[in-house]
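Novice: Okay, handing you the structure first.
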Amino acid sequence: MTSRSHGHAMVSLAAAWLATSALGCGAASATPRDEGAASLAGSASTGGDSASGDSRGGDSAGGDNEPRVLLRFRPSVGARYATDTRALTEGEGTRIVTTSHGAMEIEALDPATGRVTIRSRITSMEQTDPEGRPLLTGTPASLEGVAFRYTSSERARIVGEVQVSGTTPANATLAETIRSSIEQTVVELPAEPVRSGDTWEDGFDVQIPIDTATVTMRCASRYRMVGTEGVEANRAARIRFTMDCLVPDTSLAVGGGFEVRSHGEGEWIVSMRDGLSGRTVTEVDTRSTIRAPGSAQPLVIAIHQQTTMTTTPLSD
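Note that the numbering used here has the sequence shown beginning at 13, numbered continuously upward.
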């Protein structure tokens with residue numbers, strides 16, 4: 013399953029899932045490096061990504077005169093959101109489009125830490141094959157009654173484990189896939205106030221279980237505040253980002269080995285009011301090289317994934 017149908021409007025680590033699927037491994041988990049230490053790199057503008065040349069329709073890109081703003085994940089307790097995801101996954105001879113819809117509710121807020129507790133579920137899903145014929149439509153019966161509960165930091169990073177309830181033996185594998193995909197949310201708001209042109213960086217590791225061992229995928233993300241759009245309660249920050257991940261050539265105890273390289277980039281438009289509403293568009297290219305035991309030639313799997321995810325507040 014390649015869609016990210018719940019959680020924040022942020023990119024999930026497609027590379028880890030693709031590597032996991034290709035190798036038949038268990039679920040992966042992401043861990044930040046030096047959490048809370050993502051640094052503000054200053055007001056940098058390069059080429060066509062310049063904030064001063066990228067404004068549109070009332071967007072703000074005020075340069076040195078623009079005040080910096082502190083972006084924080086702060087939805088209200090009891091608030092409800094709809095999540096809509098479309099993921100296009102392409103490989104050699106493969107083209108799968110997965111569209112899913114979900115719902116989430118803010119259950120609690122810890123005033124001392126700013127951490128927010130969220131409950132989410134999937135309400136419907138559709139998947140088509142390369143010819144556009146439906147593979148899966150409607151509400152997945154195996155997911156009825158299944159809920160996912162997790163905690164987010166004030167910088168929108170998933171903290172700790174994602175809890176799942178309402179599972180049965182029939183849906184345990186699918187529920188675990190979804191649980192881990194939520195846990196791998198990896199885009200993070202800046203530690204300091206930012207304005208158009210400011211950049212920051214973040215690093216995290218993903219632990220991928222292989223047989224009886226665990227290998228580490230190291231990832232680095234770079235972000236740039238492009239500007240803002242909208243007014244008052246509808247004001248949103250536009251953030252562009254890139255992400256590079258690597259599992260170096262690794263040998264397995266059973267023989268053979270693998271290497272995974274991934275590059276992704278995209279844009280995150282996130283509400284400055286709650287740090288949650290908005291839209292993320294990402295494109296990720298992953299190249300997995302697998303050395304099978306006794307095979308002279310490695311198997312190379314190249315996959316391209318484009319994902320659009322929208323999180324919309326619901327009125328009571």
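Even glycine gets a Cβ: it sits at the ideal position worked out from N, Cα and C.
I'd like to check one pair, R86 with D286: are the Cβ atoms closer than 7 Å?
Specialist: As a first step, residue 286 is located in the sequence shown; it is residue number 274 there, counting from the start. As a first step, residue 86 is located in the sequence shown; it is residue number 74 there, counting from the start. Their beta carbons are under 7 Å apart, which means D286 touches R86 by this criterion.
Novice: If we cut at 7 Å on Cβ distances, does E241 have a partner in chain D?
Specialist: The structure shown has no chain D; it contains just one protein chain.
Novice: Flag this pair as touching only if the region 257–277 and the region 222–239 have three or more C-beta atom pairs under 8 Å; answer yes or no.
Specialist: Yes, since at least three Cβ pairs between the region 257–277 and the region 222–239 fall closer than 8 Å, the two stretches touch.
Novice: Near Q309, which residues of its chain fall below 8 Å by C-beta distance, leaving aside the five closest residues on each side in sequence?
Specialist: Position 297 of the sequence shown, counted from the start, is the residue given in the question as residue 309. Contacts found: none.
Novice: Is the beta carbon of R84 sitting closer than 7 Å to the one on R207?
Specialist: For the purposes of this step, residue 84 is taken as the residue at position 72 of the sequence shown. For the purposes of this step, residue 207 is taken as the residue at position 195 of the sequence shown. For R84 and R207, no; Cβs fall outside 7 Å.
Novice: At which residues does the beta strand (DSSP E) containing T125 begin and terminate?
Specialist: Numbered from 1 along the sequence shown, position 113 holds the residue referred to as residue 125. No beta strand (DSSP E) contains T125, which DSSP labels as neither H nor E.
Novice: Would you call the region 91–106 in contact with the region 312–325, where contact means no fewer than 3 C-beta pairs closer than 8 Å?
Specialist: yes
Novice: What residues are listed by DSSP as bridge partners for E213?
Specialist: As a working mapping, residue 213 is identified with position 201 in the sequence shown. According to DSSP, E213 bridges with R234.
Novice: The beta strand (DSSP E) spanning E156 covers which residue range?
Specialist: Residue 156 sits at position 144 when you count from the first residue of the sequence shown. Note, E156: premise wrong, no beta strand (DSSP E); not H, not E.
Novice: Tell whether a beta-carbon distance below 7 Å holds between I302 and R291.
Specialist: Here residue 302 refers to the residue found at position 290 when the sequence shown is read from its first residue. Here residue 291 refers to the residue found at position 279 when the sequence shown is read from its first residue. No.
Novice: Would the region 106–113 count as touching the region 160–175 if we require 3 or more Cβ pairs under 8 Å?
Specialist: no
Novice: What is the DSSP secondary structure of E143, counted as helix, strand or coil?
Specialist: For the purposes of this step, residue 143 is taken as residue 131 along the sequence shown, with counting starting at 1. Coil at E143, not helix or strand.
Novice: Taking only the alpha-carbon atoms, compute the straight-line gap between A314 and S300 and give it to the nearest angstrom.
Specialist: As a first step, residue 314 is located in the sequence shown; it is residue number 302 there, counting from the start. As a first step, residue 300 is located in the sequence shown; it is residue number 288 there, counting from the start. So the two alpha carbons sit approximately 6 Å from each other.
Novice: Compute the Euclidean distance between the alpha carbons of F160 and S193, then round it to the nearest angstrom.
Specialist: The residue given as residue 160 occupies position 148 in the sequence shown. The residue given as residue 193 occupies position 181 in the sequence shown. Taken atom to atom, the span from the alpha-carbon of F160 to that of S193 is near 11 Å.
Novice: I need the DSSP call for T185, collapsed to helix, strand or coil.
Specialist: Here residue 185 refers to the residue found at position 173 of the sequence shown. Three-state result, T185: helix.
Novice: Whole angstroms are fine: how far does the CA of V238 sit from the CA of T129?
Specialist: Locating residue 129 in the sequence shown gives position 117, counting from the first residue. Locating residue 238 in the sequence shown gives position 226, counting from the first residue. Whole-angstrom Cα-Cα distance: 29 Å.
Novice: From the DSSP output, in three-state form, read off R169 for me.
Specialist: Stepping through the sequence shown from its first residue, residue 169 is reached at position 157. Three-state DSSP puts R169 in coil, outside helix and strand.
Novice: Pick out whichever of E204, I118 and N77 has its Cα sitting closest to the Cα of R92.
Specialist: Locating residue 92 in the sequence shown gives position 80, where the first residue counts as 1. When each option's Cα is compared against that of R92, the closest is I118.
Novice: Would DSSP call A245 helix, strand or coil?
Specialist: Against the sequence shown, residue 245 aligns to sequence position 233. DSSP places A245 in helix when its eight states are reduced to three.
Novice: On the three-state DSSP scale, how would you describe D76?
Specialist: Working through the sequence shown from its first residue, we reach residue 76 at position 64. Of the three classes helix, strand and coil, the one that applies to D76 here is helix, per DSSP.
Novice: Can you have a look at L311 and say buried or exposed, based on whether 16 or more other CB atoms are within 10 angstroms of its CB?
Specialist: Position 299 of the sequence shown holds residue 311. Per the 10 Å Cβ criterion, exposed.
Novice: What does DSSP give as the partner residues of E119 in its beta bridges?
Specialist: Along the sequence shown, one-based indexing puts residue 119 at 107. Answer by DSSP bridge pairing: none, since E119 is not bridged.
Novice: Would you mind giving the Cβ-Cβ distance between E241 and R250, rounded to the nearest angstrom? I have them listed as a contact below 8 Å.
Specialist: For this step, residue 241 is matched to residue 229 along the sequence shown. For this step, residue 250 is matched to residue 238 along the sequence shown. Going by Cβ atoms, the distance from E241 to R250 rounds to 6 Å, so yes, they are a contact pair.
Novice: Taking the beta carbon of E156 as the centre, do at least 16 other beta carbons fall within 10 Å, making it buried, or is it exposed?
Specialist: What you label residue 156 is simply residue 144 of the sequence shown in a count that begins at 1. Result: exposed.
Novice: Determine the closest residue to P305 out of Q317, T298, S263 and E271, with distance taken between C-alpha atoms.
Specialist: Within the sequence shown, numbered from 1, the residue matching residue 305 stands at position 293. Per the Cα distances, S263.
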